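*Asks:*
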Amino acid sequence: MIRDTSAQDQLIEVKPNRKRQLLWIGVAVAVLAVGALVLPQAGRIFSAEASVSASRLSFGTVERGPFVRDIAAEGKVVAAVSPTLYATYGGAVTMKVHAGDQVKKGQVLAIIDSPELLNKLAQEQSAADAMQVDFLRAQIDAKKKRGELQKAYDNAQIDQETATRDLARYQKAFTQGAVPSMDVDRAKDSLKKAEITSMHAKADLGMDNDSLGFDIQSKKLAHDRQVIMVKDLQRQVEDLNVRSPVDGQVGQLFIAERATVAKDAQLLSVIDLSALEVEMKVPESFARDLGIGMGGEISGNGNTWKGLVSAISPEVVNGEVAARLRFEGETPKQLRQNQRLSVRVLLDHRDNVLTVQRGSFVDESGGNYAYVVHDGIAEKKPIRVGASSIDKVEILDGLKEGDRIVVSGTDNFKNAARVAISR
29 MIRDTSAQDQ
39 LIEVKPNRKR
49 QLLWIGVAVA
59 VLAVGALVLP
69 QAGRIFSAEA
79 SVSASRLSFG
89 TVERGPFVRD
99 IAAEGKVVAA
109 VSPTLYATYG
119 GAVTMKVHAG
129 DQVKKGQVLA
139 IIDSPELLNK
149 LAQEQSAADA
159 MQVDFLRAQI
169 DAKKKRGELQ
179 KAYDNAQIDQ
189 ETATRDLARY
199 QKAFTQGAVP
209 SMDVDRAKDS
219 LKKAEITSMH
229 AKADLGMDND
239 SLGFDIQSKK
249 LAHDRQVIMV
259 KDLQRQVEDL
269 NVRSPVDGQV
279 GQLFIAERAT
289 VAKDAQLLSV
299 IDLSALEVEM
309 KVPESFARDL
319 GIGMGGEISG
329 NGNTWKGLVS
339 AISPEVVNGE
349 VAARLRFEGE
359 TPKQLRQNQR
369 LSVRVLLDHR
379 DNVLTVQRGS
389 FVDESGGNYA
399 YVVHDGIAEK
409 KPIRVGASSI
419 DKVEILDGLK
429 EGDRIVVSGT
439 DNFKNAARVA
449 ISR
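So in my numbering, spot 366 of the sequence shown is number 394, and the numbers just go up one at a time.
#1: Bridge partners of A100, per DSSP?
#2: Taking the alpha-carbon of D169 as reference, which of R354, S239, V306 has the nearest alpha-carbon?
#3: As a quick exercise: from S209, A196, T192, R197, pick the residue whose alpha carbon is nearest that of L219.
#4: Which residues in the same chain have their Cβ closer than 6 Å to the Cβ of Q385, if we skip the five residues on either side of it in sequence?
#5: Have a look at L363 and R352 and give me their C-alpha separation to the nearest angstrom.
#6: Grouping DSSP H, G and I as helix and E and B as strand, with all else coil, what is L336?
#7: What does the Cβ neighbour count give for I224, buried or exposed, with the cut at 16 atoms within 10 Å?
#8: Which word fits M227, buried or exposed, when buried means at least 16 other C-beta atoms lie within 10 angstroms of its C-beta?
#9: Report all residues from its chain with a CB closer than 8 Å to the CB of V255; omit the five preceding and five following residues, and keep chain order.
#10: Let's test the definition: count the other Cβ atoms within 10 Å of the Cβ of A231 and tell me whether it reaches 16, buried, or not, exposed.
#11: So, helix, strand or coil for K309, using DSSP?
#12: Less than 8 Å between the beta carbons of E348 and V310, yes or no?
#13: Would you call the segment 101-121 in contact with the segment 365-381, where contact means no fewer than 3 C-beta pairs closer than 8 Å?
#14: Where does T438 land, buried or exposed, given buried means 16+ other C-beta within 10 angstroms?
#15: Figure out for me which residue from Q264, D267, L296, L145 has the closest Cα to the Cα of V278.
#16: Are V109 and F441 close, meaning C-beta to C-beta below 8 Å?
#17: Quick check on A64: does DSSP put it in helix, strand or coil?
#18: Where does P68 land, buried or exposed, given buried means 16+ other C-beta within 10 angstroms?
#19: Who are the Cβ neighbours of V66 in its own chain at under 6 Å, not counting the five residues just before and after it?
#20: For M322, name the three-state secondary structure that DSSP assigns.
#21: Would you call E134 buried or exposed, if buried means 16 or more other Cβ atoms sit within 10 Å of its Cβ?
#22: Among all the DSSP beta bridges, which residues are the ones paired with I433?
#23: Going straight from the alpha carbon of A469 to that of P143, what length do you get?
#24: Grouping DSSP H, G and I as helix and E and B as strand, with all else coil, what is H126?
#25: Going by DSSP, what residue range makes up the beta strand (DSSP E) through Q280?
#26: Sorted by chain position, which residues of the same chain lie with C-beta nearer than 7 Å to R451's C-beta, five sequence neighbours on each side aside?
#27: Rounded to the nearest angstrom, what separates R446 and S393 at their Cα positions?
#28: Just mark F242 as buried or exposed, buried being the case when its beta carbon has 16 or more other beta carbons within 10 Å.
#29: Can you round the beta-carbon distance between V96 and S417 to whole angstroms, since I take them to be within the 8 Å contact cut?
#30: Measure the C-alpha to C-alpha separation of A184 and K200 and round it to an integer number of angstroms.
#31: Helix or strand or just coil, what does DSSP make of I73?
#32: Can you tell me where the beta strand (DSSP E) with G134 in it begins and where it stops?
#33: Could you please give me the residues that DSSP links to V121 through a beta bridge?
#34: Run the CB neighbour count on K408, radius 10 Å, all protein chains shown included, and call it buried at 16 or more, exposed below.
#35: Throw me the rounded Cβ distance for the Q264 and L137 pair, which I believe falls under 8 Å.
#36: To the nearest angstrom, how far is the alpha carbon of R165 from that of K179?
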């Protein structure tokens, strides 16, 4: 029988390893701490209706401070006065200048050759001369006619006086019995006839005098009307010399040299470089707040100038409204047509205003709510917004200073009340 080795075995006392015990205790404590932190967060995450990555969102913090509403845009220099010159009459055009030439007010820029207009002027001038001759002849004829009528009236007066003396003589002779009563009656008839003749001569003198005056006046008015027509044609002929209305520079030539054009055809433009403005495009949402006379700043080439809004277009084109600023004071000399400048127009300035960074959340929510972020959860809260600037939105109610909200990307939340934001 083989004996076992129990007699050879020795009992070894195992001492406890304190380091290993401390290690396991530390691990247990860490697990409990992580659990205490993770379990509430997990509870919040599980209570959220959706989860969105933070990389798809933009955040902003509500702040209190100055609030400036302004419009900043790029503008271009344009001439406040840039007239386009047109052909006043049809004909062949001879250009006297080229694009870019400096010109003075009243300088001839182009000449229109119009034989038709010149011929018409000559005809109307000849007609005016003929009417003047008729008018002068009418004056002479009137004087002659008045002389004849005056002569007839004077003769009638003399005949009347002679008849009166004859009647007196015959009456005296009749009383002395020297002549019969028949001669007295004949003298009375002669006097009566002389009186009638004198009366008619006087009436004819007055009536014919008025008639002759009307005839002269009629010919004078006809001549004056013709003179006015001639002056108008002379003005048209003078306008064949196309002159510059301002001191400036020739802009664009719309026709070629010696081209034949119709009346009212575009010929060329002139730019008044002494009156420059800056044209800018304003978004339609800001245009309603823009007003004529508002102050602004115009900057470029290392310089800054003050400006005033001088014009606002009533038309919206591609969601934008055109506006113009004129320089306050003298126009800078170094500027050129179509030069690009930066423009800033101040709309409003207030201090101690609650604001947040502007983002798409205003348009997406209509300014009625925002998502406030706390411990990784974005919670939907009702708010009320006020005015907007280029980069900020005024907060009137619903948020407080220091709140962190989602300013863009809220379209990913699908209008959920609570959204978990993952990293």
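A virtual CB, placed ideally from N, CA and C, is assigned to each residue, including glycine. Source: prediction; values computed, not measured.
*Replies:* This is what the structure holds:
#1: By 1-based counting over the sequence shown, the position of residue 100 is 72. BP columns for A100 point to R372.
#2: Counting from 1 along the sequence shown, the entry for residue 169 is found at position 141. Out of R354, S239, V306, S239 has the C-alpha closest to the C-alpha of D169.
#3: Position 191 of the sequence shown, counted from the start, is the residue given in the question as residue 219. Each of S209, A196, T192, R197 was checked against the Cα of L219, and the nearest Cα belongs to T192.
#4: For the purposes of this step, residue 385 is identified with residue 357 of the sequence shown, where counting begins at 1. Closer than 6 Å at Cβ, skipping near neighbours: G88, V435.
#5: Here the question's residue 363 lines up with position 335 in the sequence shown. Here the question's residue 352 lines up with position 324 in the sequence shown. Each residue's Cα considered, the two are about 16 Å apart.
#6: Numbered from its first residue, the sequence shown carries residue 336 at position 308. Under the three-state reduction of DSSP output, L336 falls in the strand class.
#7: As a first step, residue 224 is located in the sequence shown; it is residue number 196 there, counting from the start. It is exposed - the Cβ of I224 has fewer than 16 other Cβ atoms within 10 Å.
#8: Stepping through the sequence shown from its first residue, residue 227 is reached at position 199. Exposed: under 16 other Cβ atoms inside 10 Å.
#9: Position 227 of the sequence shown, counting from 1, holds the residue named residue 255. Cβ within range, chain order: A156.
#10: As a position in the sequence shown, residue 231 is number 203, starting the count at 1. Here A231 is exposed, its C-beta having fewer than 16 other C-beta atoms within 10 Å.
#11: Taking the first residue of the sequence shown as 1, we reach residue 309 at position 281. When DSSP states are grouped into helix, strand and coil, K309 belongs to the strand group.
#12: Here residue 348 refers to the residue found at position 320 of the sequence shown. Here residue 310 refers to the residue found at position 282 of the sequence shown. Cβ distance < 8 Å, so E348 and V310 count as in contact.
#13: Segments in contact, yes.
#14: In the sequence shown, residue 438 corresponds to position 410, counting from 1. Under this definition T438 is a buried residue.
#15: Here residue 278 refers to the residue found at position 250 of the sequence shown. Relative to the Cα of V278, the nearest Cα in the group Q264, D267, L296, L145 belongs to L296.
#16: Here residue 109 refers to the residue found at position 81 when the sequence shown is read from its first residue. Here residue 441 refers to the residue found at position 413 when the sequence shown is read from its first residue. Result no, Cβ atoms of V109 and F441 do not sit closer than 8 Å.
#17: In the sequence shown, counting from the first residue as 1, residue 64 sits at position 36. Caution is warranted here: a pLDDT of 44 is assigned to A64, below 50, making its placement in the model unreliable, and no coordinate value can be reported.
#18: In the sequence shown, residue 68 corresponds to position 40, counting from 1. Its pLDDT being 48, under 50, P68 is placed unreliably in this model, and the coordinates cannot settle the point.
#19: Mapped onto the sequence shown, residue 66 falls at position 38. Confidence at V66 is low in this model, with a pLDDT of 47, below 50, so the placement of that residue is unreliable and no value is reported for it.
#20: Stepping through the sequence shown from its first residue, residue 322 is reached at position 294. Per DSSP, reduced to three states, the secondary structure at M322 is coil, with no helix or strand assignment.
#21: Position 106 of the sequence shown, counted from the first residue, corresponds to residue 134. The identity of residue 134 in the sequence shown is Gly, whereas the question assumes Glu. So G134 counts as exposed.
#22: Here residue 433 refers to the residue found at position 405 of the sequence shown. Beta-bridge pairing links I433 to G88, V400.
#23: Residue 469 lies beyond the stretch modelled for the chain, which goes from 29 to 451, so this question has no answer here.
#24: Within the sequence shown, numbered from 1, the residue matching residue 126 stands at position 98. H126 falls in the coil class under three-state DSSP.
#25: Taking the sequence shown and counting its residues from 1, one reaches residue 280 at position 252. 276-281 is the extent of the beta strand (DSSP E) around Q280.
#26: Taking the sequence shown and counting its residues from 1, the one referred to as residue 451 is at position 423. Closer than 7 Å at Cβ, skipping near neighbours: A82.
#27: As a working note, residue 446 is residue 418 in the sequence shown. As a working note, residue 393 is residue 365 in the sequence shown. Their Cα atoms are separated by approximately 15 Å.
#28: Within the sequence shown, numbered from 1, the residue matching residue 242 stands at position 214. Counting other Cβ atoms within 10 Å of its Cβ, F242 stays below 16 and is therefore classed as exposed.
#29: Taking the first residue of the sequence shown as 1, we reach residue 96 at position 68. Taking the first residue of the sequence shown as 1, we reach residue 417 at position 389. About 6 Å separates the CB atoms of V96 and S417; that is less than 8 Å, so the two are in contact.
#30: As a position in the sequence shown, residue 184 is number 156, starting the count at 1. As a position in the sequence shown, residue 200 is number 172, starting the count at 1. Using only the alpha carbons, I get a separation of about 24 Å.
#31: Your numbering for residue 73 matches position 45 in the sequence shown. A caution first: I73 carries a pLDDT of 48, below 50, which makes its placement in the model unreliable, though a value can still be read off. Reduced to three states, the DSSP call for I73 is helix.
#32: Within the sequence shown, numbered from 1, the residue matching residue 134 stands at position 106. Segment: none, G134 is in no beta strand (DSSP E) and carries neither H nor E.
#33: Counted from its first residue, the sequence shown places residue 121 at position 93. As computed with DSSP, V121 is found in a beta bridge with I140.
#34: Taking the first residue of the sequence shown as 1, we reach residue 408 at position 380. Looking at its Cβ environment, which holds 16 or more other Cβ atoms inside 10 Å, K408 is buried.
#35: For this step, residue 264 is matched to residue 236 along the sequence shown. For this step, residue 137 is matched to residue 109 along the sequence shown. Not confirmed; about 17 Å, so no contact.
#36: Position 137 of the sequence shown holds residue 165. Position 151 of the sequence shown holds residue 179. Rounded to the nearest whole angstrom, the C-alpha separation of R165 and K179 is 21 Å.
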